[in-house]
Amino acid sequence: MSLILYLIVVLFTGLIVGALARLIVPGPDPMSLFQTALLGIAGSIIAGLISLWIFHGRAGGGIILSVVCSAILVLIVRRSRERRGMSPRRRF
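Structure, rendered in structure tokens:
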């Protein structure tokens, strides 16, 4: 598999995981598709590290753990935006 195809698959998988995480957390999240994909990729990496630490490299992170970690990241992003004074529905 070429590198470009691999990156496209990773981006698409991150988009799915990030979208599921955003669906779990109620409320508006003004994120673009690219930000959602990056959030899903970061959640999957964290889930893989947690799985490596718990199972000692014998099993993968799995979709459920990836979505849970991504949902926690959504909450962190939302809290940081609230602290900076950025409301979810900004008018320009």
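Throughout the sequence shown, residue numbering follows the working numbering, covering 579 to 670 in sequence. The beta-carbon is built from N, C-alpha and C at its ideal position, and this holds for glycine as well.
At which residues does the alpha helix (DSSP H) containing Ala597 begin and terminate? Secondary structure note for Ala597: its alpha helix (DSSP H) is the uninterrupted segment Leu581 to Ile602.
Could you check which residue in Ser658, Val652 and Met609 has the C-alpha nearest to that of Val603? Val652
Tell me whether the beta-carbon of Ala620 lies closer than 8 Å to the beta-carbon of Gly639. no
Is it buried or exposed for Ala637, if we count other Cβ within 10 angstroms and need 16 for buried? exposed
When the Cα atoms are used, what is the spatial distance from Gly605 to Ala599? 12 Å
What residue range does the alpha helix (DSSP H) around Arg657 cover? Gly640 to Arg661
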